[in-house]
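Chains as they are written, first to last, in our numbering: chain A, 14 to 126; chain B, 14 to 126; chain C, 14 to 126; chain D, 14 to 126.
Just so it is clear, CB atoms sit at the ideal spot from N, CA and C, and this is done for glycine as well.
Below you'll find the structure, written out as structure tokens, and then a few comments.
There are 4 protein chains.
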Amino acid sequence: MPTDAEQACFEAGIKFGSLYHQFAGTPISLDSADSLATAMEEAIENQPYCEAVTVEIRREELEAALSEGPADYTEFTGRFAEVEIVVDYEDSEVVARMEMDDGYPLMALDRVE
Amino acid sequence: MPTDAEQACFEAGIKFGSLYHQFAGTPISLDSADSLATAMEEAIENQPYCEAVTVEIRREELEAALSEGPADYTEFTGRFAEVEIVVDYEDSEVVARMEMDDGYPLMALDRVE
Amino acid sequence: MPTDAEQACFEAGIKFGSLYHQFAGTPISLDSADSLATAMEEAIENQPYCEAVTVEIRREELEAALSEGPADYTEFTGRFAEVEIVVDYEDSEVVARMEMDDGYPLMALDRVE
Amino acid sequence: MPTDAEQACFEAGIKFGSLYHQFAGTPISLDSADSLATAMEEAIENQPYCEAVTVEIRREELEAALSEGPADYTEFTGRFAEVEIVVDYEDSEVVARMEMDDGYPLMALDRVE
């Protein structure tokens with residue numbers, strides 16, 4: 014039988030994969046970034062065992078990407094956000110995070126209790 | 014060469030397909046429905062030639078679906094929203110709509126000018 | 014520090030969330046079901062630590078859904094597939110599964126070693 | 014009332030938006046590219062009025078992208094494919110195309126009859 018901590022880690026992974034692959038590709042601009050971040054947080058918080066989702070848009074990164082191209086919007090992808098997800102499963106709490114690592118978005122366990 | 018009206022219809026179709034297939038499957042509850050609707054509107058309004066997107070959540074339909082199942086959220090799909098999109102392409106304006114038709118969501122041109 | 018087993022469970026969750034939310038909503042018919050299943054398997058097997066993904070389309074369920082509606086296709090959702098994912102992380106191996114449970118698709122850890 | 018050609022253009026747009034936003038973000042490698050292309054074709058061909066969908070993976074572009082990063086896969090996006098879609102609506106036939114234009118994927122009507 015999996016431990017509570019293992020179950021919590023599995024659930025945290027589900028939330029990250031869901032968030033990323035549901036919303037990757039969404040048209041995003043400086044003006045629409047906040048409503049997308051809020052929708053991502055509230056949508057994923059619906060999922061079981063999910064205590065909190067925090068999506069922080071990396072606006073400088075978004076501005077930099079937009080300045081390279083001809084349009085005032087682009088597609089949402091991992092370089093444009095930092096995400097923290099807290100999952101509680103029975104007696105275990107897991108905090109996981111998506112951050113940039115050497116130019117690539119990396120999802121990682123931050124804390125397992 | 015396509016006419017302006019044909020181009021406007023093509024662009025309106027792109028917006029509908031984008032909205033639907035970007036957001037179908039998103040976890041949605043009565044509490045998170047509004048933020049999802051706002052994000053859908055603002056995301057698709059970023060696309061070229063798109064003047065306005067209006068997403069109205071059909072809350073009774075959502076409540077009915079939730080009352081059938083064990084969870085307080087479900088997956089976003091066409092039965093839970095009415096959508097109107099306005100596209101301007103050069104001298105042409107197109108209004109298109111997604112509504113329920115005999116139990117199925119139907120995307121249709123409403124007005125081509 | 015998370016254990017290898019906890020890391021493996023987190024990675025297995027990512028794969029499930031990714032698979033589901035990338036492909037939910039895809040138009041699917043009896044004819045196109047196999048190519049979608051293959052694409053899901055091969056796409057998710059690209060992800061780190063993912064040893065194997067098996068997607069089995071539940072064809073009777075798909076036939077039943079199609080017989081209720083006017084079209085010969087519908088949208089892919091969890092009721093139309095059973096999925097097994099194997100993740101290896103260092104010395105740990107995890108097998109996870111999505112199956113129907115009382116009419117709802119449930120993702121669960123099957124084995125953690 | 015919209016003309017048949019306008020309806021056909023609207024339907025062609027729906028197919029493009031659907032294809033792009035359903036599959037953008039899918040993990041793709043040189044090995045899995047073909048199964049993804051086939052699934053995209055067969056999935057979208059299910060949609061009404063859709064006669065044919067052809068997805069050609071731009072393998073050199075995919076190789077170039079993979080050589081820049083640390084992983085042997087990346088996320089599917091418009092630069093990795095050329096897509097042609099044929100829609101028949103009553104007496105009208107429309108051919109539309111997604112191609113790279115100055116570094117950006119552009120969806121355009123090719124022929125309206």
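One alpha carbon belongs to leucine 32 (chain D), the other to aspartate 123 (chain A), and they sit about 36 Å apart.
Between valine 100 (chain D) and glutamate 19 (chain B), the CB-CB gap reaches or exceeds 8 Å. Taking a 10 Å sphere around the C-beta of tyrosine 117 (chain A), we find fewer than 16 other C-beta atoms and assign the residue as exposed.
For the pair valine 68 (chain C) and glutamate 54 (chain C), the CB atoms are nearer than the 8 Å cut-off.
Following the DSSP letters along the chain, one finds leucine 119 (chain C) inside the beta strand (DSSP E) bounded by residues 117-125. Within chain D, the residues placing a beta-carbon under 7 Å from that of proline 40 (chain C) are Ala56, Ile57, Asn59, Gln60, ordered along the chain. Taking each of D:Glu73, D:Val108, D:Ala37 in turn and checking the Cα distance to alanine 65 (chain D), the smallest one comes out for D:Val108. Nearest C-alpha to aspartate 114 (chain C) among B:Pro83, B:Phe29, B:Ser42: B:Pro83. Nearest CB-CB separation between tyrosine 86 (chain C) and chain D: below the 8 Å threshold. Looking at C:Met120, C:Glu95, C:Thr16, C:Leu43, the one whose alpha-carbon comes closest to that of glutamate 76 (chain C) is C:Leu43. Taking C-beta atoms as the reference points, phenylalanine 93 (chain C) and isoleucine 41 (chain C) count as a pair closer than 8 Å. According to DSSP, aspartate 101 (chain A) shares a beta bridge with A:Glu106. Between glutamate 95 (chain B) and arginine 72 (chain B), the gap from beta carbon to beta carbon reaches 8 Å or more.
Spanning the alpha carbons of glutamate 106 (chain B) and serine 45 (chain A) requires a straight line of approximately 24 Å.
Contact annotation: alanine 37 (chain C) and phenylalanine 89 (chain C) have beta-carbon atoms nearer than 8 Å.
By the criterion of a C-beta distance shorter than 8 Å, leucine 79 (chain A) is surrounded in its chain by Ser42, Leu43, Asp85, Tyr86, Thr87, once the five residues flanking it on both sides are discounted. Distance between serine 48 (chain D) and cysteine 22 (chain C), taken at the CA atoms: about 27 Å. Following the DSSP letters along the chain, one finds threonine 51 (chain D) inside the alpha helix (DSSP H) bounded by residues 46-58. With a threshold of 8 Å between beta carbons, glutamine 20 (chain D) makes no contact with chain C.
Collapsing the DSSP output to three states places alanine 84 (chain C) in coil.
Judged by DSSP secondary structure, alanine 37 (chain B) falls outside any alpha helix (DSSP H); it is assigned neither H nor E.
For alanine 109 (chain A), none of the residues of chain B pass the 8 Å Cβ criterion, the least Cβ distance being about 18 Å.
Within chain C, no residue has its beta carbon less than 8 Å from that of glycine 116 (chain A); the closest one is some 16 Å off. In its chain, beyond the 5 residues on either side, Phe29, Ala109, Met111 have a beta carbon closer than 7 Å to the beta carbon of methionine 120 (chain C). Only exposed fits glutamate 103 (chain A), as fewer than 16 other CB atoms lie within 10 angstroms of its CB. DSSP places threonine 16 (chain A) in no beta strand (DSSP E); its state is neither H nor E.
From the beta-carbon of tyrosine 102 (chain C), no residue of chain A is found nearer than 9 Å; the closest lies around 11 Å away.
In chain order, Glu24, Lys28, Ile57, Ile98, Val99, Val100 place their CB closer than 8 Å to the CB of cysteine 63 (chain D), counting only its own chain and leaving out the 5 sequence neighbours on each side. Among the residues of the stretch 67-100 of chain D, none has a Cβ less than 7 Å away from any Cβ of chain B.
Rounded to whole angstroms, the separation of the alpha carbons of glutamate 74 (chain A) and proline 61 (chain C) is 25 Å. In the DSSP assignment, threonine 90 (chain A) falls outside any beta strand (DSSP E), carrying neither H nor E.
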